[in-house]
Amino acid sequence: MDLPRRLLKQHFGYSDFRPGQGEVVDRLLGRWDVLSVMPTGAGKSICYQIPALCMEGLTLVVSPLISLMKDQVEGLLQAGVPAAYLNSSLTERQFALALHNARMGKYKLIYVAPERLETASFLTFAREAPISMVAVDEAHCVSQWGQDFRPSYLAIPRFTAALPSRPVVAAFTATATPEVREDIIRQLELREPFLLVSGFDRPNLFWEVQTPRSKREALLAFLSAHEGESGLVYCSTRKNVEEVCAFLQERGFSATRYHAGLEPAERSRNQENFVYGSTQVIVATNAFGMGIDKPDVRYVVHYNMPKDLESYYQEAGRAGRDGDAAHCLLLYSAADIQTNRFLIEQQGRETETDEEERARRIEQDLARLKQMTYYCHTTDCLRHYILRYFGEGTREYCGDCGNCRAYFEERDLTEDAQKILSCVKRAGERFGTTAIADVLRGAQNERVVKWELHKLPTYGALSALSRDEVLSRIRLLLERGYLRQQDGPYPTLELTPTAGDILFRGEKLTARVKVSTDRAAPQLSAQQGDVPPALYARLQQLRQQLAKQLGVPAYVVFSNGTLREMCRQLPRSEGELLKVSGVGEQKRKRFGRAFLEAIEAWRQEQGGA
Ligand code: ADP
Ligand code: ZN
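Below, the structure is given as structure tokens:
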């Protein structure tokens, strides 16, 4: 076995690299710069941790978030890899001690925040230290094109240039459109980098969109079906976070909240409780998540539609990093479009000086919002839709997403269509989608009264439908070309010549309507399938207990997958235990005996077989 694979087994307990990992490791060891674009959960960290162990000297890992560094370093220490982090969470003494140890060559990896790179004390240290590699995590933060631009990332190329000899630079990201990719290479001054873009498909994620009458009820139903599992609920605003979190707590769920308006102390406490597993659900704005490494998140629910698919894929992708089945549910309502539109149009109002540039950006963002909205409406395969958006050709039918499993019914919507078209006509073709929907549903609001819309014969004609149903019928008429929308600030609806076919000439309008989604095949039980539940529960309990003693999250001890493997292989000796994927030398020494005893005790109970 070659050195990288030997170290992979010894420290992390894995018998081989995953696709992509091996290539990146080889290139780095050959002293090539690398840009690696891999989806969340693909195993980026291994790509630089193994080379760091093989190379002489020290690897610096630039990482954007303190919480991320802490988790990573804890994981490494448990795997017997000497590592440390240098950031503002350390006291002055701890910092000095870490730096001293670093000078003594005690670490193979040091995690730093980008801000740290340009401080005088760190530069002095770095110029004398044998730094062989700089690994940049979340590298898209260096790009102004991306969604998480961090000016401090621009310090990285200045830093590497200030070193006596330039280390190998490895950049990692999960979200990169070709533009952002180019920009990363340019901004980080990568030298003819090896580019690895691995497939974006996450086969263990189940995608689903619902357009419920009540999001609360839908959320409640979903969470009740996922009792005992860890999950995330994203909301678009702080106010929504507060309301949804309070609502869940009232209903007895173990839920906490996270948004930028909370005191930092509460924020990190809530986050920690979630990561360590004492709170089951975290309700958060998109401020939560970057750098959250928790691998056993079983679902991500979006209570509101995000502004683009990039954000959605990144946020939803926080589910199932451990490779076990996980569910990504988006609860859509047409009101989400309005919120996003508003946010997009507000952005840069105070800061952007170049009006033209700002207008261009807004246009670009609105186009992305449109693609996101189509995702919520499509009746085609959701996985295919996402992957195509990211430029990947795939099968058009995955057979395992909310749409592929849904039952659709061909419905005759002619009558509804006639009511809508006639309403648009009678209202003088002077109103937009929402006003028309209001009239058809018989709403009583200012606009209706002001324009005397309640006097129209179609007022209340579709009151039996939900607002979203009415809106989706209108959209269908737009798509099929019976209606069109004026461009400009007032997108009023008007009839096209073909509208007459439906109104007067007996043409029918039919469409596929989602009736239900088949949930008959929960994937989780299939995965656990062959493992004895009593043994699995016992090992989980042991893991929890050990994690608590060490003050680390449970997954740092062993992943769910590793526990399941133990249940299947039922090792009797430490040698056999080492064969289980996820058990390395250090963990065998630390935890081996306890787990072997637990397995043995279970075996006795089974009658000593
Ligand atoms: P990323 O940073 O790409 O989101 P991580 O580095 O956190 O992903 O890895 C995701 C999960 O995959 C972790 O639980 C990790 O231990 C596991 N993993 C990584 N590489 C391998 C491998 N070669 N074999 C088995 N599991 C692996
Ligand atoms: Zn599908």
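Residue numbers for the sequence shown, in my numbering: 8 to 616. We put the beta carbon where it would ideally sit given N, CA and C, even for glycine.
Item: Quick one: what does DSSP say Pro-26 is sitting in, helix, strand or coil?; Value: coil
Item: Determine the burial state of Asn-452: buried for a count of at least 16 other Cβ atoms within 10 Å of its Cβ, exposed for fewer.; Value: exposed
Item: Could you tell me the boundaries of the beta strand (DSSP E) in which His-309 lies?; Value: 306–309
Item: Roughly how many whole angstroms lie between the Cα atoms of Pro-539 and Arg-600?; Value: 20 Å
Item: Can you tell me whether Val-446 is buried or exposed, with buried defined as 16 or more other CB within 10 angstroms of its CB?; Value: buried
Item: Write down the C-beta distance between Asp-4 and Ser-237 rounded to the nearest angstrom, noting that I regard them as a contact closer than 8 Å.; Value: Lying before the first or after the last residue shown, residue 4 is absent from the chain, which here runs from 8 to 616.
Item: Where does Ala-528 sit, in a helix, a strand or coil, going by DSSP?; Value: Caution is warranted here: a pLDDT of 42 is assigned to Ala-528, below 50, making its placement in the model unreliable, and the coordinate value is therefore given only provisionally. Coil, per DSSP.
Item: Please list the terminal residues of the continuous alpha helix (DSSP H) segment that includes Met-45.; Value: Run containing Met-45: none; DSSP gives neither H nor E here.
Item: What whole-angstrom Cβ distance do Met-140 and Tyr-55 have, given they're in contact under 8 Å?; Value: 7 Å
Item: Let me know if Leu-463 comes out buried or exposed under the rule of 16 or more other beta-carbons within 10 Å of its beta-carbon.; Value: buried
Item: Run through DSSP, which three-state label would Ala-533 get?; Value: Here Ala-533 scores only 39 on pLDDT, less than 50, and its place in the model should not be relied on; the value that follows carries that caveat. Helix at Ala-533.
Item: Helix or strand or just coil, what does DSSP make of Arg-264?; Value: strand
Item: Beta carbon of Cys-411: closer than 8 Å to some heavy atom of the ligand ZN?; Value: yes
Item: Pick helix, strand or coil for Glu-81, following the three-state DSSP scheme.; Value: helix
Item: In three-state terms, what does DSSP make of Thr-517?; Value: strand
Item: If you check the beta carbons only, do Cys-388 and Cys-405 fall under 9 Å apart?; Value: yes
Item: State the Cα-Cα distance for the pair Tyr-21 and Thr-126, rounded to the nearest angstrom.; Value: 38 Å
Item: Going by C-alpha distance, which of Arg-328, Tyr-339, Val-477 and Gly-327 is nearest His-309?; Value: Tyr-339
Item: Taking 8 Å as the cut-off, is the CB of Asp-9 close to at least one heavy atom of the ligand ZN?; Value: no
Item: Excluding the 5 residues flanking Phe-156 on each side, which residues of the same chain have their C-beta closer than 6 Å to its C-beta?; Value: none
Item: Within its chain, find whatever has a CB closer than 6 Å to the CB of Leu-124; leave out the 5 residues flanking it on each side and keep chain order.; Value: Ala-162 and Phe-166
Item: Spell out the partners DSSP gives Gln-217 in its beta bridges.; Value: Leu-338
Item: Can you tell which of Glu-363, Val-69 and Ala-605 has its C-alpha closest to the C-alpha of Ser-159?; Value: Val-69
Item: Identify the continuous alpha helix (DSSP H) that holds Ser-285 and give its terminal residues.; Value: That residue, Ser-285, is in no alpha helix (DSSP H); it is neither H nor E in DSSP.
Item: Count the other CB atoms within 10 Å of the CB of Ala-109; is the residue buried (16 or more) or exposed (fewer)?; Value: buried
Item: Just how far apart, CA to CA, sit Ala-379 and Gly-507?; Value: Ala is not the amino acid found at residue 379; the sequence shown has Met there. Those two C-alpha atoms are separated by around 32 Å.
Item: Less than 8 Å between the CB atoms is what I'm expecting for Ala-272 and Val-288, so what's the real figure, rounded?; Value: About 21 Å; that fails the 8 Å criterion.
Item: What does the Cβ neighbour count give for Ser-318, buried or exposed, with the cut at 16 atoms within 10 Å?; Value: buried
Item: State yes or no: is the C-beta of Phe-132 within less than 9 Å of the C-beta of Leu-106?; Value: yes
Item: Whose C-beta lies closer than 8 Å to the C-beta of Arg-448 among residues of the same chain, with five residues either side of it excluded?; Value: Gly-467, Leu-469, Ser-470, Leu-472, Arg-474 and Val-477
Item: Under 8 Å: does the beta carbon of Tyr-21 sit that close to some heavy atom of the ligand ADP?; Value: yes
Item: Is there at least one non-hydrogen atom of the ligand ZN closer than 8 Å to the beta-carbon of Leu-337?; Value: no
Item: For the alpha helix (DSSP H) containing Ala-103, list its first residue and its last residue.; Value: 99–110
Item: Return the chain-ordered list of same chain residues with a C-beta closer than 8 Å to the C-beta of Arg-209, the five sequence neighbours on each side being excluded.; Value: Pro-46, Thr-47, Gly-48, Gly-324 and Gly-327
Item: For Tyr-381, is the classification buried or exposed, using 16 other Cβ atoms within 10 angstroms of its Cβ as the cut-off for buried?; Value: exposed
Item: Taking the alpha-carbon positions, what's the Val-251 to Phe-201 distance?; Value: 45 Å
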